[in-house]
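> I have a structure I would like to understand better, so I am pasting it below and will then ask my questions one at a time.
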Amino acid sequence: MGKTIVEKILSAHTDTNNLRIGDIIKARVDFTFANDITAPIAIKYFRESGARQVFDKKRVGLIPDHFAPNKDIKSAEQCKLLKEFAQEYEIENYFEIGKMGVEHALLPEKGLVLPGDVVVGADSHTDTSGALGAFAIGVGSTDLAAVMALGEVWLKIPPTLKFIYSGKLNKWVSGKDLILYTISKIGVDGANYKVMEFSGEVIKSFSMDNRFTMCNMAIEAGAKTGIIEPDEITLEYLTGRAKRPYQIYKSDTDAHYEKIIEIDVSKIEPQVAFPHLPENTKPISEAKGIKIDQSIIGSCTNGRIEDLRIAAKIIKGQQVHSEVRLIIIPATQDIYLQAIREGLVEIFITAGGAVSTPTCGPCLGGYMGILAKGERAISTTNRNFIGRMGHPESEVYLASPAIAAASAILGRIASPEEVK
Amino acid sequence: MIIKGKVWKFKDNIDTDVIIPARYLNTSDPKELALHCMEDYDSEFVKKINQGDIIVAGRNFGCGSSREHAPIALKAAGVSCIIAQSFARIFFRNAINIGLPIFESEEIANQCPEGDFLKVDTARGMIENINKDRAYKLNPLPVFIQNIISLGGLREYVKEEVKRRERDV
C-alpha cells in the first residue's frame, strides 16, 4: 500500500522500519525554534541537561516576537535570556528587533524551514510551515530543550485526514475562510492527534500566503499538523530563499487515509468565527451588523503581503470608522518594507489606521491592542478564546483581512461589498 | 505513585488561555503563574483548591497554545492529577514531560461529580472513586512514555542520553 507525505517524511527521519500508525519513534529534526515565552524555560532545562552545545548551530532559531519589542521589564528580561544564550552557544538564527518577524512568517521567508523537513517549534502555530510540505509540529519548552540537546524528538506516527477542496471560489473567499469553515465542520478537536492534509484543485490554485494561513490553523482543529504537497508554486517561493538542499515528498495515490473529506467551495461565503471558539463559525451574511471597537490585521495567520494588499484594496480612499481602532501589523520586516514600497502603508495611515512593527502582541492579549471590558474586535488572528485579546469580558471575532478591513471602515462586521 | 484528592470539574475545551492567561507569561516562575491559574474561568479557583486535588474535565482539555506554563501553573497551584475525556496533544506531551500525571477516561469524566474524592494509582492506571466505592482501570501509557515517566520526566531522559552520547564519542 502507498504512503502519505507525512509517512514518507517520518520514514526518512527515523531508523525504525515499516512504520505503522501509533508507533512511537525518535525522529531526527531539521530545524527547531522557540520564542521569548517558550525559550526561557527551554534554555533553563537545556543548561541543566549537561549538553555542551546545541545539536546544530545553524538549525536552531530564537525569535523574540511575542512580547517584543519588549513590552515591560519582565519581558525584557526574558528576551535578554534569548540573546545571551544565542551569543554563548553561537546560535546563528537569533533575530534581534529590526530583523525579527512573527516566527511562522519569518522562518519560511528566510528559507530556514523547507519541504521534507521535520520541524519542531515551541509554539503551537509551528504547523504553518506544513504549507511547504514539511512535517512541522508545535511542542512545549521541555521538548524543545530535548531537541536542542539531542537533535531528535519522540513522536507517535499519526493518522491523516485528507481534505479535498474543489469548485469555484466566491468573491472575497480566501484560505482563512476555508480553514474557518473546515474547523466549523469537524470541531476544535476534530483532528486531535491527526494530520490534516489539504489538497484539491483549489489548494493547487492557492498562493503560498493562502496555504500558510490554512496550515497555520490546523492546530485550531486539534491537529498534530497541517500539510500541503509541494508543487510549482512552492518551488517558485523557495527560489532564492532555501538555505540548504531539500527533498520533495508527495502522497501516493493509494495512500491510506483515516478519512477523506470533500468540500465544495462554491457554497462557501466569507466566514466569521464568533466567540469563544474558532469552531463557532457563521457565513458573513449571518454576521453582519455586529458593532466593533477594534480591527486587527496581522499575525502568523494573516500578516503577509497578500493579506495587506487585500486590506489596502478595500481601505483605499476610505476612512476608518470614528469609533474603531484599526491596527495593522506586517508579520516581518521584509513584508513591512514591501508594503511601504507598494504604497500600502500610506493607504492605511491616510485612512486613519495604525501600522506597527512586527509582533505577536495583540493576538494573545500581550500588548499593542488590548481590549477593555465589554469591547469587541474583529481580527485576522487565530484564536477567540475567553480573554484571548484582553479583558475576560471582551470578545474576538475571527475573519479574513477583507472582512477585517471592511469592518474597520463601517464600524460593524461587514462584507467588502458594503464598502462604497 | 498513589494520589488522593478532591475532584474539581471542568467542561469541554478548557484552553490554555483560560488555564494561564498570556498576560502573565512574562514570567516562568511556577509560584507566580499558580496565583493566576484559571482566574478568567473562576477567579476563586486558586483559593478553593487544596494541595493534591484532582481536575476532572470533558473533551479537549488544554487546547490552544504550546505554553508549558499551563501544566506548570496547574501543578504549582496544587493540582496532582488531571483526568479528562480527552486532551489536546501538546498539553498531553507537556504534562507528561513535567511529571504531571494525566489520564483519559470518558467514564470518569461522566460519572465523577465535583466534590467526590478519587484515589489514583498512577503506575497501575487504577482509579477509585472513594465516595461511590467504584473502581476504574485505565489503559496503560505506551512503554516509551512510561520509561520517560519512570526516569522522572523528559529532562532526566535527556540528561541520561547526553551522558550516554558523551561516553560513546
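Heads up: the protein sequence lines correspond to chains R and P, in order. Each residue of the first sequence is one higher than the last, beginning at 1 in this note's numbering. Each residue of the second sequence is one higher than the last, beginning at 421 in this note's numbering. Just so you know, even glycine gets a beta-carbon here, dropped at the ideal spot from N, CA and C.
Do the CB positions of residue 495 of chain P and residue 520 of chain P come within less than 8 Å of each other?
Stepping through the second sequence from its first residue, residue 495 of chain P is reached at position 75. Stepping through the second sequence from its first residue, residue 520 of chain P is reached at position 100. Their beta carbons are under 8 Å apart, which means residue 495 of chain P touches residue 520 of chain P by this criterion.
> Would you check if the distance between the CB atom of residue 522 of chain P and the CB atom of residue 501 of chain P is smaller than 8 Å?
The count along the second sequence starts at 1 and reaches residue 522 of chain P at position 102. The count along the second sequence starts at 1 and reaches residue 501 of chain P at position 81. Going by C-beta atoms, residue 522 of chain P is nearer than 8 Å to residue 501 of chain P.
> Check the DSSP bridge columns for residue 211 of chain R and list the partner residues they point to.
Translated into positions along the first sequence, residue 211 of chain R becomes position 211. DSSP, once it has assigned bridges, lists no residue as partnering residue 211 of chain R.
> Under a CB-based cut-off of 8 Å, is residue 564 of chain P close to chain R?
Position 144 of the second sequence holds residue 564 of chain P. So, interface residue.
> So what does residue 181 of chain R bridge to, in DSSP terms?
Start at 1 with the first residue of the first sequence, and residue 181 of chain R comes out as number 181. Looking at the DSSP assignment, residue 181 of chain R forms no beta bridge with any residue, so it has no partner.
> Is the shortest distance between the beta-carbon of residue 85 of chain R and the beta-carbons of chain P less than 8 Å?
Within the first sequence, numbered from 1, the residue matching residue 85 of chain R stands at position 85. Answer no: the Cβ-Cβ gap between residue 85 of chain R and chain P never drops below 8 Å.
> Are there three or more Cβ pairs, one per stretch, closer than 8 Å when the region 294–307 of chain R is compared with the region 327–343 of chain R?
Because the criterion of three Cβ pairs below 8 Å is met, the region 294–307 of chain R and the region 327–343 of chain R touch.
> Measure from the C-beta of residue 392 of chain R to each C-beta in chain P and report whether the shortest distance is under 8 Å.
As a position in the first sequence, residue 392 of chain R is number 392, starting the count at 1. Cβ-Cβ to chain P under 8 Å: yes for residue 392 of chain R.
> Could you check whether residue 490 of chain P and residue 478 of chain P sit closer than 8 Å to each other, using their CB atoms as the reference points?
Locating residue 478 of chain P in the second sequence gives position 58, where the first residue counts as 1. Locating residue 490 of chain P in the second sequence gives position 70, where the first residue counts as 1. Taking 8 Å as the Cβ cut-off, residue 478 of chain P and residue 490 of chain P do not qualify as a contacting pair.
> Closest to residue 465 of chain P by CA distance: which of P:516, P:578, P:472 and P:497 is it?
Here the question's residue 465 of chain P lines up with position 45 in the second sequence. When each option's Cα is compared against that of residue 465 of chain P, the closest is P:497.
> On a CA-only basis, which of R:118, R:78 and R:138 is nearest residue 103 of chain R? Give me that one, please.
Residue numbering aside, residue 103 of chain R sits at position 103 when the first sequence is read from its first letter. That would be R:138, whose Cα lies nearest to the Cα of residue 103 of chain R.
> Should residue 450 of chain P be flagged as near chain R, meaning a C-beta pair shorter than 8 Å?
Residue mapping note: residue 450 of chain P aligns to position 30 of the second sequence, counting from 1. Taking Cβ atoms only, chain R never reaches closer than 8 Å to residue 450 of chain P, which makes this a no.
> On a Cα-Cα basis, can you pick out the residue from R:400, R:404, R:191 and R:157 that is closest to residue 484 of chain R?
Not covered by the structure: residue 484 of chain R. The range shown for chain R is 1 to 420.
> Measure the Cβ-Cβ separation of residue 366 of chain R and residue 71 of chain R and say whether it is below 8 Å.
In the first sequence, the residue the question calls residue 366 of chain R occupies position 366. In the first sequence, the residue the question calls residue 71 of chain R occupies position 71. A contact, by the Cβ cut-off of 8 Å.
> Would you report the Cα separation of residue 233 of chain R and residue 348 of chain R, rounded to the nearest angstrom?
Counting from one through the first sequence, the residue named residue 233 of chain R turns up at place 233. Counting from one through the first sequence, the residue named residue 348 of chain R turns up at place 348. If I take the Cα positions, the gap works out to 29 Å.
> Shorter than 8 Å from the beta carbon of residue 211 of chain R to some beta carbon of chain P?
Your numbering for residue 211 of chain R matches position 211 in the first sequence. Taking Cβ atoms only, chain P never reaches closer than 8 Å to residue 211 of chain R, which makes this a no.
> What residues are listed by DSSP as bridge partners for residue 524 of chain P?
Stepping through the second sequence from its first residue, residue 524 of chain P is reached at position 104. Answer is P:504.
> May I ask which residues mark the beginning and end of the beta strand (DSSP E) holding residue 404 of chain R?
The residue given as residue 404 of chain R occupies position 404 in the first sequence. That residue, residue 404 of chain R, is in no beta strand (DSSP E); its alpha helix (DSSP H) goes 401–410.
> Mind checking which residues open and close the alpha helix (DSSP H) that includes residue 271 of chain R?
Taking the first sequence and counting its residues from 1, one reaches residue 271 of chain R at position 271. Unbroken run through residue 271 of chain R is the beta strand (DSSP E), 271–273; no alpha helix (DSSP H).
> Is there a Cβ from chain R that is less than 8 Å from the Cβ of residue 517 of chain P?
Translated into positions along the second sequence, residue 517 of chain P becomes position 97. True, the Cβ-Cβ gap to chain R drops below 8 Å.
> List the whole-angstrom C-beta distance separating residue 558 of chain P from residue 549 of chain P, where the pair is believed to meet the contact cut-off of C-beta under 8 Å.
Taking the second sequence and counting its residues from 1, one reaches residue 558 of chain P at position 138. Taking the second sequence and counting its residues from 1, one reaches residue 549 of chain P at position 129. Rounded, the Cβ-Cβ distance is 13 Å, inconsistent with contact.
> Rounded to whole angstroms, what's the CA-CA distance from residue 442 of chain P to residue 488 of chain P? Just pull it up for me.
Locating residue 442 of chain P in the second sequence gives position 22, where the first residue counts as 1. Locating residue 488 of chain P in the second sequence gives position 68, where the first residue counts as 1. Between residue 442 of chain P and residue 488 of chain P, the C-alpha separation is close to 12 Å.
> Alpha carbon to alpha carbon, how far is residue 564 of chain P from residue 473 of chain P? Give it in angstroms, no decimals.
For the purposes of this step, residue 473 of chain P is identified with residue 53 of the second sequence, where counting begins at 1. For the purposes of this step, residue 564 of chain P is identified with residue 144 of the second sequence, where counting begins at 1. Rounded to whole angstroms, residue 473 of chain P to residue 564 of chain P spans 27 Å at the Cα level.
> Would you mind telling me which residues of chain P sit closer than 7 Å to residue 78 of chain R, beta carbon to beta carbon, in chain order?
In the first sequence, counting from the first residue as 1, residue 78 of chain R sits at position 78. The answer, in chain order, is 446.
> So with CB distances below 9 Å, who are the chain R contacts of residue 535 of chain P?
As a working mapping, residue 535 of chain P is identified with position 115 in the second sequence. Per Cβ cutoff of 9 Å: no residues; residue 535 of chain P is ~24 Å from chain R at best.
> Since residue 546 of chain P is in the alpha helix (DSSP H), which residue starts that stretch and which ends it?
Sequence index remark: in the second sequence, residue 546 of chain P carries index 126 (1-based). It is not in any alpha helix (DSSP H) - residue 546 of chain P instead sits in the beta strand (DSSP E) that spans 546–549.
> Going along chain R in order, which residues have a C-beta closer than 9 Å to the C-beta of residue 575 of chain P?
Locating residue 575 of chain P in the second sequence gives position 155, counting from the first residue. Those within 9 Å of residue 575 of chain P in chain R are 45, 48, 49, 142, 145 and 146.
> Would you mind telling me which residues of chain P sit closer than 7 Å to residue 193 of chain R, beta carbon to beta carbon, in chain order?
Position 193 of the first sequence holds residue 193 of chain R. Near residue 193 of chain R (Cβ distances below 7 Å), the residues of chain P are 509.
> Excluding five sequence neighbours on each side, which residues of the same chain lie with their C-beta closer than 6 Å to the C-beta of residue 37 of chain R?
Along the first sequence, read from residue 1 onward, the residue named residue 37 of chain R stands at position 37. Once the five neighbours on either side are set aside, the close Cβ partners of residue 37 of chain R are 66.
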